[in-house]
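A short worksheet on the structure shown next.
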Amino acid sequence: MEAIRLNPLIPSYKEKFIKNLSKDDIKVALSGVIVSKSDGKIIIDDTTGTIATEVETTLDVNNFVRIFGVLIPYEEGFEVQGHFIQDLSDVDADRYIKVKSLLQ
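Numbering (the numbering used here), first residue to last: 41 to 144.
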């Protein structure tokens, strides 16, 4: 079996809370509840804030998800250009957020 080699020049997705995002972040993973959805854009809420994400999905409002993508900084805040979305509906959101906060 051949080992998978990762390119050290390509950063991995960094798990973050929305309130902790900075202009230094590039590739992020954000988890939260979909609070709004329209025209290829969703807004997620992770209990620390909300963020707009450009990503196509068939998932509905109130689903717990994780978005992987590139952070786009603007003067008034941030947006995420989503690469893909993970359905976390089967995960206990409260426990997930508690564990995530302990690990950061």
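Each residue gets a CB set at the ideal place from its N, CA and C atoms; glycine is no exception.
Short Cβ contact (8 Å threshold) for residue i with residue j
i	j	result
LYS54	VAL75	no
ALA92	LYS81	yes
LEU111	ILE66	yes
Bridge partner(s) assigned by DSSP for residue i
i	result
LYS67	VAL110
ASP85	VAL73, THR90
ASP105	Looking at the sequence provided, one finds Val at residue 105 rather than Asp. Beta-bridge pairing links VAL105 to GLY72, ASP127.
SER78	LYS81
VAL120	THR93, LEU111
Neighbourhood of residue i by C-beta, 8 Å cutoff - its chain only, sequence neighbours within 5 removed
i	result
PRO113	LYS63
Closest residue to residue i among the options (Cα-Cα distance)
i	options	result
ARG106	PHE118, ASP86, SER141	ASP86
GLN121	ILE83, ASN103, PHE57, VAL73	ILE83
GLU96	GLY109, THR90, LEU143, GLY89	GLY109
GLY72	LEU143, ASP132, GLN144	ASP132
ILE125	ASP79, PRO51, ASN103, GLY89	ASN103
GLU116	VAL101, THR90, THR98, ASP130	THR90
SER129	LEU142, VAL139, VAL101	VAL101
THR88	TYR136, PRO51, ASN60	ASN60
LYS140	LEU70, THR98, ASP79	LEU70
ASP127	THR98, GLU119, ARG135	THR98
ILE137	LYS56, SER52, HIS123	LYS56
SER52	ASP134, HIS123, ARG135	HIS123
Start-to-end residues for the beta strand (DSSP E) that takes in residue i
i	result
ILE58	ILE58 -> no beta strand (DSSP E), and no H or E assigned at all.
TYR134	One point to set straight first is that residue 134 is Asp, not Tyr, in the sequence displayed. ASP134 -> not in any beta strand (DSSP E); alpha helix (DSSP H) instead, spanning 133-143.
Contacting residues, own chain, Cβ-Cβ under 7 Å from residue i (five flanking each side not counted)
i	result
LEU118	It is Phe, not Leu, that sits at residue 118 in the sequence shown. Cβ neighbours of PHE118 beyond the five flanking positions: LEU61, ILE91, LEU111, ILE112.
Same chain, Cβ closer than 6 Å to residue i, neighbours up to 5 away in sequence not counted
i	result
ASP79	none
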